[in-house]
DNA sequence: CGTAGACTTGAGAGTCATCAACGTAAGTGG
DNA sequence: CCACTTACGTTGATGACTCTCAAGTCTACG
């Protein structure tokens with residue numbers, strides 16, 4: 013069951029062609045007519061509001077989503093009802109790739125704030141990818157990146173290493189999108205961060221406090237200031253693959 | 013630097029067409045002429061022997077590998093020299109998908125026993141994928157599965173849950189390949205298992221002993237006997253996504 | 001202004017890592 | 001064939017990191 017009917021802002025063509033995320037998103041490396049053809053199958057969807065679900069476990073898979081604005085979290089719920097956060101998704105990143113294989117969604121995705129997505133109907137996308145070799149390449153690249161990234165968190169690292177890596181990673185992703193790498197707002201709660209990093213919320217709270225005491229960061233609720241990025245990096249050097 | 017020159021068993025065509033792994037590997041869903049065209053670009057490589065590297069971090073990426081026989085492990089080495097096992101790969105599974113994005117390998121892969129692979133040159137594969145829509149679909153499916161699988165281990169589970177899930181997962185994979193799901197040999201050492209599950213080798217040893225005492229398994233060195241698969245499953249229910 | 005939820009802080013407990021010693025199997029060279 | 005070596009695996013004792021439980025603070029919102 014797709015969660016709820018949502019406005020589809022089609023109207024203006026050139027969703028991709030004028031999008032500021034071109035460099036991060038699928039169209040990278042596509043030009044002219046190829047880009048127009050991709051543009052023709054993309055639909056903007058939203059806005060979703062905080063807590064709205066983009067899709068849920070079991071929903072039939074028919075589209076991949078690219079975050080256009082705002083941010084999302086994806087998560088599963090295990091047999092005992094416990095939630096497991098799989099990732100946070102910023103503009104330009106794809107959602108729903110893990111649903112291709114089984115043909116239905118295997119995780120939930122919800123908006124962490126007011127957010128929109130670009131909908132890429134999979135059937136049309138794959139037929140287009142057969143015609144445009146650059147598109148095939150780009151899809152493969154993004155999926156490959158996804159595989160490499162999910163492997164990063166799978167270490168047995170300390171709470172400090174995990175949180176430092178998380179903050180450094182976020183910083184890099186914000187910078188790529190043209191935002192300040194040293195100052196940004198966390199869209200997600202402590203509980204979500206803790207769950208994502210496989211820690212207790214209390215531990216996250218304590219490590220934040222420790223980092224602040226050491227002058228690494230300044231944090232006020234969701235507002236974050238990375239004061240000493242170099243030293244923060246040394247705190248998570250072992251997770252080098254980022 | 014590709015590790016070492018290895019014999020390439022081309023010779024007989026029909027590597028894919030007669031392969032017993034067809035149902036697991038890429039050709040699934042391809043027939044007749046399409047299969048022949050895929051077959052034409054695949055080269056069998058090996059045999060590699062225990063400890064031989066298939067590729068190493070930094071090696072230029074130009075091919076995806078499909079395990080044909082034997083088993084491999086993939087792993088990284090962090091800045092402090094510690095090894096991190098990313099996965100074990102059985103016949104029919106793909107290796108090197110995470111190298112597409114960066115264009116070079118981001119992990120090492122080595123043979124755990126005498127093993128062979130099928131080499132899929134990426135450039136030729138992607139051009140073929142634009143001609144055969146079923147091939148594109150299949151590649152996407154396999155990458156999607158990879159993404160979903162790597163997410164599975166990322167929970168904060170107990171040592172028992174992790175090991176139970178590992179054994180159950182292995183069992184399923186062996187069964188899919190036509191082997192007994194209850195009796196098989198572990199190709200990997202305790203140290204590798206422990207590293208993969210983010211545990212100490214001693215912990216793995218102890219949990220094996222505990223499982224044996226409970227009558228869940230019988231284990232002698234690498235020889236494993238799953239005596240009570242149902243009860244083993246209940247031990248890792250929370251990792252339900254498998 | 002009051003309540004609910006998010007966040008913080010403290011104290012105690014448990015799981016697992018570390019350190020250490022020992023047992024076993026396989027391979028080597030005499 | 002037997003000491004010797006090496007890698008692997010098991011078992012025990014101790015300690016640390018982080019979870020759990022609990023109470024308290026702060027913020028947002030109705």
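Residue numbers (the working numbering), protein chains in the order written: chain A, 13 to 254; chain B, 13 to 254. Virtual Cβ for every residue (Gly too), placed ideally from N, Cα, C. These numbers were taken from a predicted model, which means no experiment stands behind them.
Exercise. Rounded to a whole number of angstroms, what is the C-alpha to C-alpha distance between residue 35 of chain B and residue 62 of chain A?
Worked result: Within the second chain, numbered from 1, the residue matching residue 35 of chain B stands at position 23. Within the first chain, numbered from 1, the residue matching residue 62 of chain A stands at position 50. Approximately 43 Å between the Cα atoms of the pair.
Exercise. Taking Cβ-Cβ distances below 9 Å as the criterion, which residues of the region 94-105 of chain A are in contact with chain B?
Worked result: 94, 96, 98, 99
Problem set entry | Reference residue 181 of chain A, options A:216, A:244, A:68, closest by Cα | Locating residue 181 of chain A in the first chain gives position 169, where the first residue counts as 1. Comparing Cα positions, the closest option is A:244.
For this session: Please list the segments of the alpha helix (DSSP H) lying wholly inside the region 207-253 of chain A, counting only runs of 4 or more residues, in order along the chain.
Result: 213-225, 241-246
Exercise. Which chain B residues sit within Cβ distance under 8 Å of residue 148 of chain A?
Worked result: To locate residue 148 of chain A, count along the first chain from 1; it is residue 136. Ordered by position in chain B, the residues that pass the 8 Å Cβ test against residue 148 of chain A are 138, 141, 142, 148.
Exercise. At what residues does the alpha helix (DSSP H) containing residue 56 of chain A begin and finish?
Worked result: In the first chain, counting from the first residue as 1, residue 56 of chain A sits at position 44. Segment 55-60 is the beta strand (DSSP E) holding residue 56 of chain A; no alpha helix (DSSP H) there.
Exercise. Under 8 Å Cβ-Cβ, which residues of chain B neighbour residue 265 of chain A?
Worked result: Residue numbering for chain A in the displayed model covers 13 to 254; residue 265 of chain A lies beyond these limits and cannot be assessed.
For this session: Just the C-alpha distance for residue 184 of chain B and residue 248 of chain A, rounded to the nearest angstrom, thanks.
Result: Residue numbering aside, residue 184 of chain B sits at position 172 when the second chain is read from its first letter. Residue numbering aside, residue 248 of chain A sits at position 236 when the first chain is read from its first letter. C-alpha separation (whole angstroms): 36 Å.
Problem set entry | Residue burial classification, residue 232 of chain B (beta-carbon count within 10 angstroms, cutoff 16) | Indexing the second chain from 1 puts residue 232 of chain B at position 220. When all chains shown are included, residue 232 of chain B counts as exposed.
Exercise. Can you name the start and end residues of the alpha helix (DSSP H) that residue 179 of chain B belongs to?
Worked result: Numbered from 1 along the second chain, position 167 holds the residue referred to as residue 179 of chain B. Unbroken alpha helix (DSSP H) run through residue 179 of chain B: 171-188.
For this session: Name the residue from B:165, B:238, B:158 whose alpha carbon lies nearest to the alpha carbon of residue 106 of chain B.
Result: The residue you call residue 106 of chain B lines up with position 94 of the second chain. Minimum Cα distance to residue 106 of chain B is reached at B:158.
Exercise. Using a beta-carbon distance cut-off of less than 8 Å, what residues from the region 210-229 of chain A approach chain B?
Worked result: 210, 211
For this session: Verify whether the separation of the beta carbon atoms of residue 77 of chain A and residue 131 of chain A is less than 8 Å.
Result: Counted from its first residue, the first chain places residue 77 of chain A at position 65. Counted from its first residue, the first chain places residue 131 of chain A at position 119. In this structure, residue 131 of chain A lies closer than 8 Å to residue 77 of chain A by Cβ.
For this session: Compare the C-beta of residue 6 of chain A with all C-beta atoms of chain B and state if any pair is closer than 8 Å.
Result: The requested residue 6 of chain A does not occur in the structure, where chain A is confined to residues 13 to 254.
Exercise. Relative to the alpha-carbon of residue 114 of chain B, which residue among B:229, B:70, B:124 has its alpha-carbon at the smallest distance?
Worked result: On the second chain, position 102 is the one that residue 114 of chain B refers to. Considering only alpha carbons, the answer is B:70.
Problem set entry | CB-CB length for residue 154 of chain A against residue 53 of chain A, believed under 8 Å | As a first step, residue 154 of chain A must be located in the first chain, where it is residue number 142. As a first step, residue 53 of chain A must be located in the first chain, where it is residue number 41. Not a contact, Cβ separation roughly 17 Å.
Problem set entry | contact_flag[the region 183-200 of chain B, the region 86-94 of chain B] where n(CB pairs < 8 Å) is 3 or more | no
Exercise. Would you say residue 241 of chain B reaches chain A, if we count a Cβ-Cβ gap shorter than 8 Å as a contact?
Worked result: Your numbering for residue 241 of chain B matches position 229 in the second chain. Judged by the 8 Å Cβ criterion, residue 241 of chain B is not in contact with chain A.
For this session: Could you please give me the residues that DSSP links to residue 116 of chain A through a beta bridge?
Result: Indexing the first chain from 1 puts residue 116 of chain A at position 104. DSSP lists A:72 as partners of residue 116 of chain A.
Exercise. Going straight from the alpha carbon of residue 200 of chain B to that of residue 80 of chain B, what length do you get?
Worked result: As a working mapping, residue 200 of chain B is identified with position 188 in the second chain. As a working mapping, residue 80 of chain B is identified with position 68 in the second chain. Residue 200 of chain B and residue 80 of chain B: Cα-Cα distance of roughly 17 Å.
For this session: Mark residue 85 of chain A as exposed unless 16 or more other C-beta atoms lie within 10 angstroms of its C-beta, in which case mark it buried.
Result: In the first chain, residue 85 of chain A corresponds to position 73, counting from 1. Looking at its Cβ environment, which holds 16 or more other Cβ atoms inside 10 Å, residue 85 of chain A is buried.
Exercise. Using CA coordinates, which residue listed in B:150, B:133, B:170, B:178 is at the minimum distance from residue 161 of chain B?
Worked result: Walking along the second chain from the start, residue 161 of chain B turns up at place 149. Residue 161 of chain B has its Cα closest to that of B:178, out of B:150, B:133, B:170, B:178.
Exercise. Between residue 23 of chain B and residue 31 of chain B, what straight-line distance do the alpha-carbon atoms span, to the nearest angstrom?
Worked result: Mapped onto the second chain, residue 23 of chain B falls at position 11. Mapped onto the second chain, residue 31 of chain B falls at position 19. Any reading at residue 23 of chain B is ruled out, since the residue's pLDDT is 47, under 50, leaving its predicted position unreliable.
Exercise. Under a three-way DSSP split, which group does residue 43 of chain A fall into?
Worked result: Start at 1 with the first residue of the first chain, and residue 43 of chain A comes out as number 31. DSSP places residue 43 of chain A in coil when its eight states are reduced to three.
For this session: For residue 122 of chain B, name the three-state secondary structure that DSSP assigns.
Result: Residue mapping note: residue 122 of chain B aligns to position 110 of the second chain, counting from 1. Residue state, collapsed to three classes: strand.
Exercise. Any chance the CB of residue 59 of chain A is under 7 Å from a heavy atom of the ligand PLP?
Worked result: Summarising the ligand content, the structure contains no ligands, and the ligand PLP is consequently not present.
Exercise. Does DSSP put residue 139 of chain B in a helix, a strand or coil?
Worked result: If you number the second chain from 1, residue 139 of chain B lands on position 127. DSSP places residue 139 of chain B in helix when its eight states are reduced to three.
Problem set entry | 7 Å Cβ cut-off: residues of chain A touching residue 112 of chain B | Walking along the second chain from the start, residue 112 of chain B turns up at place 100. Simply 152, 153, 156.
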